[in-house]
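Read through the structure below, which is laid out as structure tokens, and then see the notes.
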Amino acid sequence: MDKKEKLNRIFLILLSLFVVMLGYGILLPTLPYYTERLALGDNLDTDSINFHIGFLTSIYPLFQLLFVVLWGRLSDKYGRKPIIIVGLIGFVIMQLLTGLATSLTMLYVARIFGGIFTSSVIPVSNAYLSDITSEKRRTKIMGWSGVAISSGVIFGPVIGGFLSQTDLHLKYTIGLLHLDRFSVPFLFAALLGLIVLFVVAKWLKNTTRVHTFTTQKASLRFTFTKYFVVLLGLSF
2 MDKKEKLNRI FLILLSLFVV MLGYGILLPT LPYYTERLAL GDNLDTDSIN
52 FHIGFLTSIY PLFQLLFVVL WGRLSDKYGR KPIIIVGLIG FVIMQLLTGL
102 ATSLTMLYVA RIFGGIFTSS VIPVSNAYLS DITSEKRRTK IMGWSGVAIS
152 SGVIFGPVIG GFLSQTDLHL KYTIGLLHLD RFSVPFLFAA LLGLIVLFVV
202 AKWLKNTTRV HTFTTQKASL RFTFTKYFVV LLGLSF
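For the sequence shown, our numbering assigns the number 2 to the initial residue and increments by one for each residue that follows.
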């Protein structure tokens with residue numbers, strides 16, 4: 002693999018990480034208002050609304066934590082690229098379901114679904130980076146992975162807050178789907194995810210396994226547990 006191709010692969014992986022974490026960050030300023038609107042439709046009191054806001058925030062990284070090892074095993078068997086693509090598909094569906102939800106039940110389904118599938122993107126992307134980089138350069142590349150993740154979390158709330166304040170006067174309901182101004186940030190994230198999904202599917206090459214998840218299960222769980230704690234800290 003020449004240097005240009007390696008840089009292209011690294012860029013695509015970092016882009017995937019950034020967009021997935023951007024989608025997480027977009028939710029943070031919007032979720033309280035979004036949950037309140039849906040909860041008021043069910044005539045819930047303030048305490049119940051606050052409970053749902055907290056639970057909806059934490060249930061996403063919780064399901065990521067539960068499924069991360071499964072995705073690692075599958076990436077060992079089928080390669081990194083297919084698992085990353087599955088994660089991006091799940092990310093797009095989650096954003097669409099969230100943005101068009103008409104009930105708390107739909108919102109919970111979207112969050113759980115997203116947690117299950119996006120749990121593949123971060124660890125498997127990092128495994129991909131490890132597969133294509135030498136041991137000497139691996140620390141530097143993992144640093145860039147951290148930058149991509151952090152940048153998504155930093156810029157996501159800014160974009161989410163800005164887009165949710167757009168004066169588009171949107172209000173449409175079709176069956177179980179509802180579109181209003183709070184839907185805009187999630188539809189934007191879904192569009193970005195769809196673009197990245199297409200680019201990754203078309204141009205990212207699959208890798209043969211070099212580093213194995215299943216032989217390092219304890220280490221992987223510890224790493225993802227730290228990630229889980231960071232997400233919870235950023236949510237409150």
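No residue lacks a Cβ here, since even glycine has one placed at the ideal position from N, Cα and C.
Does DSSP classify residue i as helix, strand or coil?
i, result
"Thr47", "helix"
"Gly161", "helix"
"Asn207", "coil"
"Ala102", "coil"
"Met2", "coil"
"Gly73", "helix"
By how many angstroms is the C-alpha of residue j removed from the C-alpha of residue i?
i, j, result
"Leu178", "Thr58", "21 Å"
"Tyr173", "Leu101", "10 Å"
"Ser165", "Ser146", "28 Å"
"Val154", "Lys78", "31 Å"
"Thr140", "Leu13", "18 Å"
"Phe114", "Phe64", "8 Å"
"Val21", "Ile11", "16 Å"
"Arg182", "Leu171", "6 Å"
"Gly144", "Thr106", "38 Å"
"Thr216", "Val93", "Its pLDDT being 47, under 50, Thr216 is placed unreliably in this model, and the value from its coordinates should be taken loosely. Approximately 31 Å between the Cα atoms of the pair."
"Gly26", "Pro186", "10 Å"
"Ser135", "Met2", "12 Å"
What does DSSP give as the partner residue(s) for residue i in the beta ladder?
i, result
"Lys172", "Asp181"
With distances taken from CA atoms, which of the options is nearest residue i?
i, options, result
"Ile90", "Lys206, Leu193, Phe156 and Trp204", "Leu193"
"Pro62", "Thr99, Val93, Thr119 and Ile196", "Thr119"
"Gly161", "Gly55, Ile175, Ala191 and Glu136", "Ala191"
Whole runs of the beta strand (DSSP E) within the region 14 to 67, excluding any shorter than 3 residues:
List check, beta strand (DSSP E) in window: nothing returned.
Give the list of continuous beta strand (DSSP E) stretches no shorter than 3 residues that lie fully inside the region 110 to 166.
Counting only runs of 3+ residues, no beta strand (DSSP E) is found wholly inside the region 110 to 166.
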